[in-house]
Amino acid sequence: MTFPFAAGVSLVLVSSLAVSYSFISDKRKTIRHTEAILELISHVRSNIDFFLTPVEGIFEGFKNDALESCGFSDVLRRSGIEKAVGIHAASLSKVTEDALVNFSRSLGRSYKEEQIRLCDFCSEKVSAELEREREELKRNLGTYRFAPLIFAFFIILCFI
529 MTFPFAAGVS LVLVSSLAVS YSFISDKRKT IRHTEAILEL ISHVRSNIDF
579 FLTPVEGIFE GFKNDALESC GFSDVLRRSG IEKAVGIHAA SLSKVTEDAL
629 VNFSRSLGRS YKEEQIRLCD FCSEKVSAEL EREREELKRN LGTYRFAPLI
679 FAFFIILCFI
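This is the structure:
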């Protein structure tokens, strides 16, 4: 085996491991961001239920490291949920994004009891999506780990 071939094999293997790591970390980031969205909905519900906080002031007190680091929280405080979802700063599924947009459009447009039911409905929808994302990661973890590696070995074998 020549040095250039060994170097190429090493690069292909390292690349496949990087792709595998990227797949898994993206899925875990989506799960973390979805969990943070559930915290946001719970925060909104608490502020409406216990403090009758106006919609404009609800987001000021919300802190979450996952949403702060991606920039979602900054846009949320300035422009609201719909704009924050629209910039796609947080890694969210289409179902979660749609639920948040619908939630945002209805927030602050009715009495307290309807707002609480809206929060509960959105929370249930996002919780179901979170559970689906967790199951998908658990089910496909082996694929995310080994498919890039198998593809790398295939490429290496083609050059032998």
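In this text, residue positions in the sequence shown follow my numbering: the first is 529, and each later residue adds one.
In this text, a Cβ means the ideal position worked out from N, Cα and C, and glycines have one as well.
With 16 other Cβ atoms within 10 Å as the buried cut-off, status of residue i
| i | result |
| --- | --- |
| E661 | buried |
| L572 | The question names Leu, but residue 572 in the sequence shown is Val. So V572 ends up on the buried side. |
| S690 | Residue 690 lies beyond the residue range present for the chain, which begins at 529 and ends at 688; the question has no answer from this structure. |
| E657 | buried |
| A546 | exposed |
| S632 | buried |
| I586 | buried |
| S607 | exposed |
| A534 | exposed |
| H616 | exposed |
| V542 | exposed |
Which listed residue (the options) has its alpha carbon closest to that of residue i
| i | options | result |
| --- | --- | --- |
| I569 | F578, S651, A618, P676 | S651 |
| L514 | I586, D554, L539, A535 | Residue 514 lies beyond the residue range present for the chain, which begins at 529 and ends at 688; the question has no answer from this structure. |
| L566 | P676, E659, T671 | E659 |
| L635 | T581, S550, L620, T558 | T581 |
| R556 | A680, D626, S621, C686 | S621 |
| Y549 | L685, A675, S538, I688 | A675 |
| V629 | S638, E642, L646, A680 | L646 |
| S574 | S655, I644, I684 | I644 |
| R637 | E584, S655, H561 | E584 |
Euclidean distance between Cα positions of residue i and residue j
| i | j | result |
| --- | --- | --- |
| F682 | T530 | 19 angstroms |
| T558 | A618 | 8 angstroms |
| E563 | F578 | 22 angstroms |
| E663 | D593 | 24 angstroms |
| I688 | L677 | 17 angstroms |
| L595 | H561 | 7 angstroms |
| E625 | R667 | 23 angstroms |
| F576 | V623 | Rather than Phe, the amino acid found at residue 576 in this sequence is Ile. Cα to Cα, the separation comes out at about 24 angstroms. |
Residue i at chain B interface by Cβ criterion, 9 angstroms
| i | result |
| --- | --- |
| L604 | This model lacks chain B altogether; it includes just one protein chain. |
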